[in-house]
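Residue 202 in the numbering used here sits at position 105 of the sequence shown, with consecutive numbering throughout. C-beta atoms are modelled at their ideal positions from N, C-alpha and C, and glycine is treated no differently.
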Amino acid sequence: LDYVSFTMVHYSNRHYHYVSITLHVLFVILRLSSHSSVAAEARKSTNHKSNVAILVSSSTFFHNYRHTTNTLAMYQALKKHGGFTDDNIILFLADEVACNARNPFKNTVYPYSDHELNLYDEDVEVDYIGSDVTVENLWRVLLGRHDTYTPSNQRLLLKDIENTNLFLYITGHGGDNFFKFRDQEDFSTEDLRGAFDQLQIMQRFNSVLFVADTCQAFTLAPNTPEMNNNSDLFLKNVYSIGTSLKGESSYAHHTDKNIGHSVMDRYVYHFINFMGSLDDNDGKGNKKWHQMNKMSIKEAMIDSMYSNRGSGKKLGVDLGWTDFGCDAGINEVPLSEFLVMKQEVVDSDVELVLDQVDFFS
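Following this line, the structure appears as structure tokens:
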């Protein structure tokens, strides 16, 4: 840019003087408060004001590295691309593999073998770890029924319940109608349904997106017609996605020979890849994170798992999903309804980067 001239008014003792200042400006950056004007527009869309997330990795032992990676990838996606803060996320990690003695890359969790993207950076805030990752604590967080001295970082601080949606993601080991915690306990689909019934009675959330990423995952769905027939309450506005059907397994995507184990499961890998990766500086184009208000949950989290017009299964298995009892279809609800935390957005800031400033030329 060429010279930019400003006129500054100085007030003193009820008299004022006009001082003309010429600045030699190196350049002017128009910096949006979010990543781009598209991102700002996404956050102004129909998503709710105070969305929250509960992200759970329930597996212990280093060979389950991938489950920690799955959860941290979702965590980083919400923070980097959805505008979430740690105040809006409760993160459960049953095993802190970053600090595990078997980890050759200390204090890191790498989803890819190039070891360029560390998901366990200095900004990660783990709320429940190790032996604190229990079924009881999950129910306490969901229902808000905590002990008196439970710290605020281990609670969902709901400010506007009527306009709050919940994204609940769980990954680990499971089976037909059960999900394991730390190889010590589990909850059943009936247990989960009971918790969701209580959520509805309490009117704790506006709606819920539940994603189970485990073997036989869809058997955990609490809102199928069968589950509603077996309950005295008709569950409403819960969207459920399972990354495998009854009798099917959930598979890892790739291994890292240096780490010695699989480092990410297929579902999370393909979801992140479809959206355009987690790293804004990786040079890859076609990022969809800033278009979450323009694509449905079904398009982003279900249809993206199939190729060749639905005939190719990227996961090697089928997904299960249901929007039974929901006011709107899963193909109609924008992804931003759950994965974007709506904030007050200032359209733009102007940052002046100055060089060779001469105030009196």
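Check                                                                                                                                                                            : Outcome
Who pairs with residue 531 in a beta bridge, going by DSSP?                                                                                                                      : Lying outside 98 to 458, the shown extent of the chain, residue 531 is not represented and no answer is given.
Going along the chain, which unbroken runs of the beta strand (DSSP E) with 3 or more residues stay wholly within the region 242–288?                                            : 262–268, 275–278, 282–285
By a C-beta neighbour count over all protein chains shown, 10 Å radius and 16 as the cutoff for buried, is residue 147 buried or exposed?                                        : buried
Under the three-state reduction of DSSP, which class applies to residue 409: helix, strand or coil?                                                                              : strand
Who are the Cβ neighbours of residue 392 in its own chain at under 6 angstroms, not counting the five residues just before and after it?                                         : 432
For residue 263, decide whether its Cβ has a neighbour in chain C, counting only Cβ atoms nearer than 8 angstroms.                                                               : Of the chains in the structure shown, none is chain C; there is only one protein chain.
Which partner residues of residue 478 appear in the DSSP bridge assignment?                                                                                                      : Nothing can be reported for residue 478: it is not among the residues displayed for the chain, which extend from 98 to 458.
For residue 350, I'd like the list of residues in its chain whose CB is within less than 7 angstroms of its CB, leaving aside the five on either flank, ordered along the chain. : 361, 362, 363, 366
Along the chain, where does the alpha helix (DSSP H) that runs through residue 162 open and close?                                                                               : 162–178
In terms of alpha-carbon separation, which member of 332, 314, 280 lies closest to residue 291?                                                                                  : 332
Can we count residue 174 as close to the ligand PLP, meaning its CB is less than 7 angstroms from some heavy atom?                                                               : As for the ligand PLP, it is missing from this structure, which has no ligand bound.
Go through its chain and collect everything with a Cβ distance to residue 389's Cβ below 7 angstroms, but skip five positions before and after it.                               : 139, 431, 432, 433, 436, 437
Residue 190 by DSSP, collapsed to three states: which one?                                                                                                                       : strand
When the Cα atoms are used, what is the spatial distance from residue 387 to residue 330?                                                                                        : 37 angstroms
Consult DSSP for residue 127 and reduce its assignment to one of helix, strand or coil.                                                                                          : Model confidence at residue 127 stands at a pLDDT of 36, short of 50, so the residue's coordinates are unreliable; what they give is reported in the following sentence. Reduced to three states, the DSSP call for residue 127 is strand.
Quick one, are the C-beta atoms of residue 220 and residue 187 less than 8 angstroms apart?                                                                                      : no
Quick one: grab the DSSP three-state call for residue 339.                                                                                                                       : strand
Would DSSP call residue 182 helix, strand or coil?                                                                                                                               : coil
Residue 431 by DSSP, collapsed to three states: which one?                                                                                                                       : strand
Can you give me the C-alpha to C-alpha distance between residue 399 and residue 416, rounded to a whole angstrom?                                                                : 7 angstroms
Please state whether DSSP places residue 399 in a helix, a strand or coil.                                                                                                       : coil
Report the residue from 304, 302, 342 whose alpha carbon sits nearest the alpha carbon of residue 315.                                                                           : 342
Taking residue 236 as part of the beta strand (DSSP E), name the residues at either end of that continuous run.                                                                  : First-last for residue 236: 232–240, but that is the alpha helix (DSSP H), not the beta strand (DSSP E).
Would residue 293 pass as a contact of residue 319 if the rule is Cβ separation under 8 angstroms?                                                                               : yes
How would you label residue 376, buried or exposed, when you count the other beta carbons within 10 angstroms and need 16 or more for buried?                                    : exposed
With which residues is residue 225 paired in a DSSP beta bridge?                                                                                                                 : 189
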